[in-house]
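**Student:** Note that my numbering has the sequence shown beginning at 345, numbered continuously upward.
We put the CB at the ideal spot given by N, CA and C, even for glycine.
As the structure is a prediction and not an experimental result, all values here were calculated from the model.
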Amino acid sequence: MFNRIFVRIQKLIRKSSDNNRLFRLVEELILIRFDNEEQAREEVKRLKRSGLNDDEIIKRLTYFEELQLLFKPFLQAGNFKDMINATATFSINPVIGKMDKSERKEFIKYLKILFNNDNISKFIGILFNKKNWRITWLLKMIEKENITSKQKIADEIGIDKTTLNKWLKDSFGDRFDNVRKINLKDYFEIMENITLEEGESLKKIGKNLNDYNDRLKKNLFEDRKSLLKKDEMEGLNYKSLKEDMKLEGLDKEIKKVPFRTAQKIVKRLS
345 MFNRIFVRIQ
355 KLIRKSSDNN
365 RLFRLVEELI
375 LIRFDNEEQA
385 REEVKRLKRS
395 GLNDDEIIKR
405 LTYFEELQLL
415 FKPFLQAGNF
425 KDMINATATF
435 SINPVIGKMD
445 KSERKEFIKY
455 LKILFNNDNI
465 SKFIGILFNK
475 KNWRITWLLK
485 MIEKENITSK
495 QKIADEIGID
505 KTTLNKWLKD
515 SFGDRFDNVR
525 KINLKDYFEI
535 MENITLEEGE
545 SLKKIGKNLN
555 DYNDRLKKNL
565 FEDRKSLLKK
575 DEMEGLNYKS
585 LKEDMKLEGL
595 DKEIKKVPFR
605 TAQKIVKRLS
């Protein structure tokens, strides 16, 4: 799923960039490893003398294969849950495990420089031939990319599409009526609305990311029967639960409620 975004970025790069800009970007990606251009030239010469061709030198000096391995879980993420899991379990160890101490130090140093906000903005500017373009521009561009559908979201959560449509109606009004394809921004908003408690946000999840990842591996919905089985709901019956669901403004035909709504009901009635 998320691989489509990277394919989209690649298409935009090919459309917006000529060979000169791509060559300049490669130069920049190599230069950030060294104190000056002279050091970079000497290292390129040394690698050529060792028998490496131009492509091999570029991959070596830009850590191409190492970066590909490092971000492989994100590239292979099939949905929101996979992406959160990739983030929560992200580790540099599989990449640096076979490096000696000096190599590890150099690689970590390169990562810090590579993902400096100013450098990322510079790289984007080079690719698209624009000055002072920030990474937020790229994010705004890809968030409009159609990435999923209601059926796929329903499958991810473990409910049917009819139930999802009812949830969306209750939470977003008619915003998603007759919408077939869901873009990245709306997808994340929908998943946040379903999986986060009131007051939580992905931006603030921080140290609780592992707990959130564990939450996503469990059921993200409750039905009336499972709600009444919770310890906090001991002594309550279907009638009191039904009345509280009315207070939540829920459609009386909804048999399953999303995690967020379930948490609100439990807190109110416990």
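Along the beta strand (DSSP E) that carries K600, what are the first and last residues, could you check?
**Tutor:** 600-602
**Student:** Taking the straight line between their C-alpha atoms, what separation do you get for L373 and L419?
**Tutor:** 21 angstroms
**Student:** Out of curiosity, what's the CA-to-CA distance linking I497 and N563?
**Tutor:** 14 angstroms
**Student:** Using the C-alpha atoms, what's the distance from L471 back to R365?
**Tutor:** 6 angstroms
**Student:** Would DSSP call N423 helix, strand or coil?
**Tutor:** coil
**Student:** Excluding the 5 residues preceding and the 5 following Q607 in the sequence, name in chain order all residues of the same chain whose CB lies nearer than 6 angstroms to its CB.
**Tutor:** E541
**Student:** Using a threshold of 8 angstroms, state whether the C-beta atoms of I464 and I501 are closer than that.
**Tutor:** Inclusion of I464 and I501 in the CB contact set at 8 angstroms is not warranted, their separation being larger than that value.
**Student:** Let me confirm a value: P438 is counted as buried when at least 16 other C-beta atoms fall within 10 Å, else exposed. Which label applies?
**Tutor:** exposed
**Student:** When the distance is taken between beta carbons, is K513 closer than 8 angstroms to K505?
**Tutor:** no
**Student:** Go ahead and label I452 buried or exposed: buried means 16 or more other beta carbons lie within 10 angstroms of its beta carbon, across all protein chains shown.
**Tutor:** By the 10 Å Cβ count, I452 comes out exposed.
**Student:** Mind reading off the beta-carbon distance from E409 to K416? Whole number of angstroms is fine, and I expect it under 8 angstroms.
**Tutor:** The beta-carbon separation of E409 and K416, rounded to 11 angstroms, does not stay under the 8 angstroms limit for a contact.
**Student:** How is the alpha helix (DSSP H) around T539 delimited, first residue to last?
**Tutor:** 528-539
**Student:** Looking at C-alpha atoms only, which residue of T507, I376, F367 is the closest neighbour of K599?
**Tutor:** Selected option, being the one with the closest Cα: T507.
**Student:** Whole angstroms are fine: how far does the CA of K445 sit from the CA of E489?
**Tutor:** 41 angstroms
**Student:** Just to confirm, is the Cβ distance from E536 to L528 under 8 angstroms?
**Tutor:** no
**Student:** Look at the Cβ atom of Y531, then the Cβ atom of F424, and state whether they are nearer than 8 angstroms.
**Tutor:** yes
**Student:** I'd like the span of the beta strand (DSSP E) that includes S493, first residue to last.
**Tutor:** 490-493
**Student:** Taking all protein chains shown into account, decide if E566 is buried (16 or more other Cβ within 10 angstroms of its Cβ) or exposed.
**Tutor:** Burial call: buried.
**Student:** Ends of the beta strand (DSSP E) at E542?
**Tutor:** No beta strand (DSSP E) holds E542; DSSP gives it neither H nor E.
**Student:** Hey, quick one: how far does the alpha helix (DSSP H) through F378 stretch, first residue to last?
**Tutor:** It is not in any alpha helix (DSSP H) - F378 carries neither H nor E in the DSSP assignment.
**Student:** Any idea if K548 is buried or exposed, counting beta-carbon neighbours within 10 angstroms, 16 or more meaning buried?
**Tutor:** When all chains shown are included, K548 counts as exposed.
**Student:** Which one of E400, I440, N557 has the shortest CA to CA distance from A432?
**Tutor:** N557
**Student:** Tell me whether Q510 is buried or exposed, calling it buried when 16 or more other Cβ atoms sit within 10 Å of its Cβ.
**Tutor:** Checking the sequence shown, residue 510 turns out to be Lys, not Gln. Buried.
**Student:** How would you label F367, buried or exposed, when you count the other beta carbons within 10 angstroms and need 16 or more for buried?
**Tutor:** Result: exposed.
**Student:** When you compare each of R604, K456, L369 to N473 by their alpha carbons, which one comes out closest?
**Tutor:** L369
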